[in-house]
Amino acid sequence: MTSYLISKNTEKCYGCRACEQICPRQAIVIHENDEGFLYPTLLEDKCVKCGLCTQVCPYDSPSSVNIPKRAVAAQYKDSTALLSSSSGGLFSALADYVLSRSGYVAGCVYDESFRAVHVLTNQKEMVEKMRGSKYVQSDLCNTYTRIQDLLKEGLLVLFTGTPCQVDGLHLFLGKKYDNLLTVDLICHGVPSPKLFELYLKSESEKKGKISDIKFRDKQRNGWCSQGSITYLNKTKTISPYNNSYYNFYYLQNNISRMSCYSCKYSSKERVGDLTVGDYWNITEDFPKLDISAGFSAVLINTDKGERMFAEISSQLHIYGTELDAVVRGNGNLYTPSLMPENRKNIYSRIFNEGYDSVAKKYCEYQYIRPFIRKYMPKGLKKILKKVLR
Ligand SMILES: Cc1cc2nc3c(=O)[nH]c(=O)nc-3n(C[C@H](O)[C@H](O)[C@H](O)COP(=O)(O)OP(=O)(O)OC[C@H]3O[C@@H](n4cnc5c(N)ncnc54)[C@H](O)[C@@H]3O)c2cc1C
Ligand code: SF4
Ligand code: SF4
Numbered sequence: 010m011t012s013y014l015i016s017k018n019t020e021k022c023y024g025c026r027a028c029e030q031i032c033p034r035q036a037i038v039i040h041e042n043d044e045g046f047l048y049p050t051l052l053e054d055k056c057v058k059c060g061l062c063t064q065v066c067p068y069d070s071p072s073s074v075n076i077p078k079r080a081v082a083a084q085y086k087d088s089t090a091l092l093s094s095s096s097g098g099l100f101s102a103l104a105d106y107v108l109s110r111s112g113y114v115a116g117c118v119y120d121e122s123f124r125a126v127h128v129l130t131n132q133k134e135m136v137e138k139m140r141g142s143k144y145v146q147s148d149l150c151n152t153y154t155r156i157q158d159l160l161k162e163g164l165l166v167l168f169t170g171t172p173c174q175v176d177g178l179h180l181f182l183g184k185k186y187d188n189l190l191t192v193d194l195i196c197h198g199v200p201s202p203k204l205f206e207l208y209l210k211s212e213s214e215k216k217g218k219i220s221d222i223k224f225r226d227k228q229r230n231g232w233c234s235q236g237s238i239t240y241l242n243k244t245k246t247i248s249p250y251n252n253s254y255y256n257f258y259y260l261q262n263n264i265s266r267m268s269c270y271s272c273k274y275s276s277k278e279r280v281g282d283l284t285v286g287d288y289w290n291i292t293e294d295f296p297k298l299d300i301s302a303g304f305s306a307v308l309i310n311t312d313k314g315e316r317m318f319a320e321i322s323s324q325l326h327i328y329g330t331e332l333d334a335v336v337r338g339n340g341n342l343y344t345p346s347l348m349p350e351n352r353k354n355i356y357s358r359i360f361n362e363g364y365d366s367v368a369k370k371y372c373e374y375q376y377i378r379p380f381i382r383k384y385m386p387k388g389l390k391k392i393l394k395k396v397l398r
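Dropping the structure here:
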């Protein structure tokens, strides 16, 4: 039996659903906790104590990890795919290759109510919806089980997700498949789907029904942390991350799942065949490179990852770099995100006071922040910060 299922300690579960999927007796069901994250519950009367749930749990079981063999900066040459990707479009380059080999791709899309969910498909239009980072925890649903079925049929499958999701898949499968390629993202945490829903509700009440949301939109300022919301009435707002309560607190790590603050995957040791992330500090090593469309940092972790990367390399602009150069620019390759002090009660505040009320105080704080910084004495600053945030 898994530690979370016994202890109910929310830090000890990544929410991957491997335990639920493996249980032969349907003795594990998934529910939303009071912060809106998914957690498993054990139905004691159905459990036969077979221990399968512990074996597949990425929190409880040792992970099979690899030290990256090498690191590169890479950018997909397909400009349409690149512009709708968060970084250098590495995911799309791999997915296009897998589709061209009649394979399947598993990744995160928004469903019709903007819930982030993992889907498994061989359709190009669906794969295009996977492009772009969704800064909210994705629900894996029954993706692991469906991947296992395809792997057994001998089909090529690409799985992309957060490292805990990749590890959950490996443990669920329980054996290595030559026809599976896994890509883990450099990851600093995921907020709750319920909070994301409140954020979207608040935006749509103010400006109209939403037709698209991007956490990273390259349209105005290229590769950066600007996001956009498009409304059904065809208006679109592009704004920096600190223009919204949700985005600001996400990037400051205030609203992540509890397990993210002790994440065992925040390390140079990787679970996927390949690791991809933003190569934010690329200009330190390549000062003359035009980086406006974005670059991915790619860690090649296994022989299989090396082979797959070789297959797509003619489609990429590639610059060799040092692993340590990528690690320097990405704190989550050596340590988990720090939990800020207000994480303790942030969710209860939002759910008790209402998203709009909390967000309004945040916006007022952002508005007067420059004046506070410049003119107010230190002691008074601290008090004001506490009141307004
Ligand atoms: C929650 C989250 C946190 C991240 N944190 C960092 C970070 O701290 N530092 C860093 O360098 N990079 C981070 N990334 C990775 C980065 O934002 C890009 O996703 C990555 O560089 C791949 O970009 P791309 O251009 O190759 O492809 P893109 O097209 O941008 O990547 C899309 C891929 O991401 C997957 N994906 C999107 N949203 C989710 C989700 N919610 N859960 C699981 N998979 C998802 C899709 O399935 C698809 O495979 C994070 C990504 C996510 C989703
Ligand atoms: S981490 Fe995954 S397998 Fe472990 S308890 Fe949570 S949902 Fe179950
Ligand atoms: S920070 Fe770690 S635990 Fe949290 S979603 Fe990312 S990989 Fe999973």
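Okay, so the sequence shown: first residue is 10 according to this note's numbering, each after it adds one. Cβ coordinates follow ideal geometry from the N, Cα and C atoms, glycine included. Source: prediction; values computed, not measured.
Residue of the options minimising C-alpha distance to residue i
i	options	result
D43	T19, E29 and H197	T19
S93	Q261, D312 and G303	G303
Y119	S220, H197 and P71	S220
I355	Y254, A334 and S211	Y254
A104	A368, P33, C196 and M317	M317
S122	S276, A80, E206 and Q146	E206
S111	I291, T169, N75 and N188	N188
C196	E41, K370, P345 and K21	P345
Q146	H40, V199 and C117	V199
N310	E278, L241, G286 and R34	E278
I247	I321, D226 and G338	D226
Y270	G45, S96, Y23 and D312	Y23
Q261	K184, L308, P296 and G340	G340
I321	P349, V136 and L283	L283
Q228	S301, L129 and Y13	S301
H179	S73, N151, Y144 and N251	S73
Alpha carbon of residue i to alpha carbon of residue j, nearest angstrom
i	j	result
N230	H127	29 angstroms
D365	P202	17 angstroms
Q132	K58	40 angstroms
V192	A306	12 angstroms
R140	S16	37 angstroms
S357	G363	9 angstroms
S234	G163	40 angstroms
S70	E293	38 angstroms
L332	T154	34 angstroms
T171	I238	24 angstroms
K370	Y259	17 angstroms
V38	V335	39 angstroms
S142	W289	15 angstroms
G314	G286	15 angstroms
Y48	L149	12 angstroms
G116	S265	20 angstroms
L51	R34	11 angstroms
K138	K223	11 angstroms
K353	Y274	23 angstroms
N256	K215	17 angstroms
R79	A319	13 angstroms
F360	M267	17 angstroms
D312	P77	10 angstroms
Y186	L241	43 angstroms
K400	G217	For the chain, the structure presents residues 10 to 398; residue 400 sits outside this window and is missing.
L159	T169	16 angstroms
S95	G45	26 angstroms
T130	K184	22 angstroms
C173	L14	17 angstroms
L298	S88	16 angstroms
L308	E53	42 angstroms
Cutoff 6 angstroms; reference residue i; Cβ partners in own chain excluding five residues on either side
i	result
G177	C25, A27 and P67
S213	I219
G281	V175, T191, V192 and D193
C56	A36
S211	Y364 and D365
A90	G98 and S101
G338	W289 and N290
Contact set for residue i: own chain, Cβ-Cβ below 8 angstroms, skip 5 residues either direction
i	result
V107	Y113, V114, L165, V166, L167 and L190
Q157	F181 and L182
A125	C117, V118, Y119, K143, V145, Q146, S147, D148, P202 and F205
Chain-order list of residues whose beta-carbon lies under 7 angstroms from that of residue i (same chain, five-residue window excluded)
i	result
I31	L61, C62, V65 and F181
T330	A80, V81, A82 and D294
E41	L47 and K203
Practice task
Inspect the CB distances between the region 319-334 and the region 78-85 and report whether three or more fall short of 8 angstroms.
Solution key: yes
Handout entry: Complete runs of the beta strand (DSSP E) confined to the region 274-337 [at least 3 residues]
Key = 283-287, 305-309 and 325-330
Practice task
Within the region 162-231, note down every full alpha helix (DSSP H) run reaching 4 residues or more, in order along the chain.
Solution key: 172-182 and 202-216
Problem - Ranges of the beta strand (DSSP E) found wholly within the region 98-134, counting only runs of at least 3 - result: 113-119 and 125-130
Handout entry: Complete beta strand (DSSP E) runs within the region 53-107 (minimum length 3 residues, chain order)
Key = 79-85
Handout entry: Complete alpha helix (DSSP H) runs within the region 242-277 (minimum length 4 residues, chain order)
Key = 254-260
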